[in-house]
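Everything below concerns the one structure shown next.
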Amino acid sequence: MKYFLTAALALVAWCGLSAQKPTTQPLRLEDVVHGAFAPNYIYGVRPAADGETYTQISDDGARIIRRSFKTGQEVGTLFDCNTARGPVTLTRIDGYIMSPDASKILLQTETKMIYRRSSTAVYYIFDIQNNKFERLSDGGPQQVPHFSPDGTMVAFVRANNLFLVKLLFNNAESQVTTDGKFNEVLNGIPDWVNEEEFSTNCSFDFSADSKMLAWVRYDESKVPVYSIQEYKGAYPTLKQFDEYPGYYNYKYPVAGAKNADVCVKSFDIKAGVTRTMAVPLDSDGYIPRICFTSDPEKLAVVTLNRHQDRMDIYMVNPRSTVAKLVLRETDKKYLVEAAYNDLTFYPGRFVLTSQRSGYKQLYLYDLNGTQLRRLTNGDYDVTTFYGYDPATERTYYQSAAESPLRRAVYVAEKNGKTRRLSTQVGTNAATFSTNFKYFLNVYSNLTTPPITTLCDANGKTLTTLVDNAELKQRVADKVGTKELFSFTTPDGVKLNGWMIKPRHFDPGKKYPVIMYQYSGPGSQEVKDAWSIGSYGGGLFESYMAQNGYIFVCVDGRGTGFRGADFEKCTYLRLGEQEAKDQVETAVYLSSLPYVDGSRIGIWGWSFGGFNTLMAMSEGRPVFKAGVAVAAPSNWKYYDTVYTERYMRTPKENPGYDINPINRAAKLHGALLLVHGTADDNVHYRNCTEYSEALVQANKQFQMQIYTNRNHFINGGNTRLHLYERISKFFFDNL
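Residue numbers (mature numbering (1 follows the signal peptide of the UniProt record, and there is no 0)): -19 to -1, 1 to 715.
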């Protein structure tokens, strides 16, 4: 769930690429929701192997172009729908995958989403030299195709089975596995919960010598089925359910339930032999990642125990199947996702992210698990690992060293000295060339829309690609006054927040306040960046501000980038301290001379919806109104991986009793519950069970249900309707 708001922002930005003419009219909600004020970005940058250029899809989707990392100018075309020869006419592509030697490209077309990160597509193999493309396979759409390191083969998944295409043998296709079946066995792709919570859509890899293929096999046959009722609806219209509704059935393990059984398999491509790797694994353990190293005889297999407080890294011989434990990482509470998501392999070594010091830092190991040195050092979190250069032994990363609210780009030398490469104070994010000679930097702060520049290795700006100056001018008379603030709670905890006031703010007036928050473990909403708020730029919040409201967001305990202790203090009791901190925020705001303490509202989406319900039933009647969108109402209804990471299982932890349903009788204030009936993430049952608890507690409330909508609640006019509903609810109740 922590990724929802980022994904929503990306969606809005993508939808709003076209510029709008300047206007003196007030901010309109439909303009906010439809992305009329979304900033421009440079999308799809992929550093090329030459270190001097990057590739991307043209704005119309018809070409793959090459640009200079020094100037940003177009220097070549790799593929053009208008000139390429093939069996079909292509007008645009959805994506592409370069072969290791950059002589061939897999063209992605006809993409259909499955879940958040998974999709099927029809792929074509394009030969750059011949300017010709052909189908990767005639057997139907594919998932996650990968080139072998030598570029002679492509592996992909179809219908939960692995396939192999040999390009040197006239694209001869063979089937590696045959036991794949929907809702039973998956080969090379994760099931729903592994995809969602381990942030992955692929679970197979080629060995460095291209002779072996390894994958994770998921047997979910014993995982309980969850059924989502589907209706005819609209956008899209499901005509098959016009007379009677139907069901989408998939495997979803709720907290404490049975997970898929996992194992690692290898396939000897020449001999045609399949083997099962002898990886020690708890019967209920996870395998979040596998990756072949530079040594063809060492397959790195990462395992987690079910509590996710122990991670083991094994080096496995794909032929003998023997596994050797090379590193064990433990935590007294839980390991954060960066421990395995940022695990990166280089020739003869790998880089690990660890919180063992109390902060996320980087460590370098050889393939035998011997720590070579610590790459970063400090009482701050490394927030993004960009790469390690074996030639110079320099480490490139983004961190919160300056402030938890800001991000800068750094390089650490072999001797431990660090240099800040980004020059602007706020939020910086980099994309480096493959030789680390250049980087593309995206900078913003609270009042400055993203500025994209190309920089050299020392951080000197070479050229500015996008400055969003026009956007800044267009919103100058529309956005509210933004400011960062902090305060200390009675518990002695310093909390950070942002505030958006009406443009013509009158300090002698008493304003109603709406609090927005997410509050989930390791998340962050308060930062010195343009992306603040539910739509970025504080635009929805500014729309409300022009209607006479102050908007506030505060990150409470459990949120990220302030070290492990602050992040993990909510362990086993999700919602308790998070809700208390939102209540304390309301109390603090009530003490301000320009705030009407009798008119404070709160809202949030997903975990933010959960915490809205928790805060409104904390016991102190500080909120007059609240909106909870797609909110969990009891963690026993949510999935195993996410929930148990923070709560263990319901049988182990009485902390599950701390939930909105059990607090229903204590709800104070007007409430609007919002949910999509086809939410595959936070199921609609959370809304129905909580609403029933309110009914039995004789608590009046409002509900807004969206037919066939998932966790994002969009499609057609849905998103505008939702935000009109939210804003009107606050207008009526505050």
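For glycine and all other residues, C-beta sits at the position ideal for the given N, C-alpha and C.
In this text the structure is predicted, and so the values were computed from the model without any measurement.
Give me the Cα-Cα distance between residue i and residue j, rounded to the nearest whole angstrom.
i: Q558; j: D546; result: 13 Å
i: Y327; j: Y346; result: 10 Å
i: K508; j: T365; result: 16 Å
i: T373; j: G329; result: 15 Å
i: Y(-17); j: F150; result: With a pLDDT of only 38 at Y(-17), under 50, the local geometry of the prediction cannot be trusted, and the value read off the model is given with reservation. Each residue's alpha carbon lies about 42 Å from the other.
i: C62; j: G121; result: 22 Å
i: L653; j: H692; result: 17 Å
i: A17; j: L701; result: 13 Å
i: Y619; j: N322; result: 22 Å
i: T158; j: G253; result: 11 Å
i: F222; j: Y340; result: 52 Å
i: Y369; j: N439; result: 16 Å
i: D487; j: R73; result: 52 Å
i: V568; j: H656; result: 29 Å
i: V474; j: P502; result: 17 Å
i: D249; j: N182; result: 23 Å
i: E55; j: R44; result: 12 Å
i: T442; j: V146; result: 44 Å
i: A189; j: Y228; result: 44 Å
i: K213; j: V14; result: 25 Å
i: Y231; j: T699; result: 25 Å
i: S515; j: N164; result: 35 Å
i: R388; j: A382; result: 8 Å
i: S708; j: G556; result: 25 Å
i: Y623; j: N112; result: 46 Å
Compute the distance between the beta-carbons of residue i and residue j, then report whether it is under 7 Å.
i: S184; j: W173; result: no
i: T357; j: Q342; result: yes
i: G590; j: V610; result: yes
i: N168; j: R139; result: no
i: S129; j: I109; result: no
i: F533; j: M480; result: For the sequence presented, residue 533 should be read as Val rather than Phe. Closer than 7 Å, so yes.
i: K482; j: L427; result: no
i: S414; j: G32; result: yes
i: L465; j: V535; result: no
i: Y704; j: I694; result: no
i: R355; j: Y344; result: yes
i: P68; j: Q527; result: no
i: Q505; j: F468; result: no
i: P631; j: K617; result: yes
i: T408; j: S384; result: no
i: I639; j: A674; result: no
i: L348; j: K279; result: yes
Quick test of your reading: residue i and residue j, contact by CB under 8 Å. State the CB separation rounded to the nearest angstrom.
i: D186; j: C272; result: 6 Å
i: R256; j: T284; result: About 18 Å; that fails the 8 Å criterion.
i: T58; j: I46; result: 6 Å
i: P205; j: K162; result: Rounded, the Cβ-Cβ distance is 17 Å, inconsistent with contact.
i: G53; j: L446; result: 5 Å
i: I268; j: V297; result: I268 to V297, Cβ: 11 Å. No contact.
i: P20; j: L452; result: 6 Å
i: K605; j: L715; result: 6 Å
i: T133; j: S191; result: 7 Å
i: M597; j: L648; result: 6 Å
i: L87; j: I95; result: Their Cβ separation, rounded to whole angstroms, is 19 Å, which puts L87 and I95 out of contact at 8 Å.
i: V390; j: N422; result: 7 Å
i: I583; j: M496; result: 4 Å
Based on the DSSP output, what are the partners of residue i in its beta bridges?
i: A238; result: Per DSSP, none; premise fails for A238.
i: residue 729; result: With the chain running from -19 to 715 in the structure shown, residue 729 is simply not present.
i: H692; result: Bridge partners of H692: none, in fact.
i: M292; result: L285 and E310
i: residue 729; result: This structure leaves residue 729 out entirely; the chain is present only between -19 and 715.
i: F326; result: F331
i: Q336; result: Partner(s): none; Q336 has no beta bridge.
i: S380; result: V363 and A389
i: K305; result: M296
i: Y369; result: T376
i: residue 716; result: Given a span of -19 to 715 for the chain in the structure shown, any question on residue 716 remains unanswerable.
Using only the heavy atoms of the ligand COA, determine whether one of them is closer than 6 Å to the beta carbon of residue i.
i: S515; result: With respect to the ligand COA, the structure offers nothing, as it holds no ligand at all.
Extract the residue ranges of the beta strand (DSSP E) inside the stretch 630 to 686, only unbroken runs of 3 or more that lie entirely within it. Whole beta strand (DSSP E) segments, 3+ residues: 651 to 657.
Contained alpha helix (DSSP H) runs [length at least 4] in the stretch 463 to 539, N- to C-terminal order: Counting whole runs of 4 or more residues, the stretch 463 to 539 contains the alpha helix (DSSP H) stretches 520 to 526.
List, from N- to C-terminal side, the beta strand (DSSP E) runs of 3 residues or more that fit wholly inside the stretch 185 to 258. Uninterrupted beta strand (DSSP E) stretches at least 3 residues long and entirely within the stretch 185 to 258 occur at 185 to 187, 193 to 200, 206 to 211, 227 to 232, 242 to 249 and 254 to 257, given in chain order.
Completely contained beta strand (DSSP E) runs for the stretch 394 to 427, where each covers 3 or more residues: At a cut-off of 3 residues, the continuous stretches assigned as beta strand (DSSP E) that sit fully inside the stretch 394 to 427 are 399 to 401, 408 to 413 and 419 to 426.
Length at least 3, wholly inside the stretch 62 to 144: the beta strand (DSSP E) runs in chain order: Taken in chain order, the complete beta strand (DSSP E) segments of 3 or more residues contained in the stretch 62 to 144 are 76 to 79, 85 to 94, 100 to 108, 113 to 116, 124 to 128 and 134 to 139.
At which residue ranges does the stretch 568 to 634 contain complete beta strand (DSSP E) runs of 3 or more residues, listed in the order of the chain? Qualifying beta strand (DSSP E) stretches, in chain order: 576 to 586 and 606 to 610.
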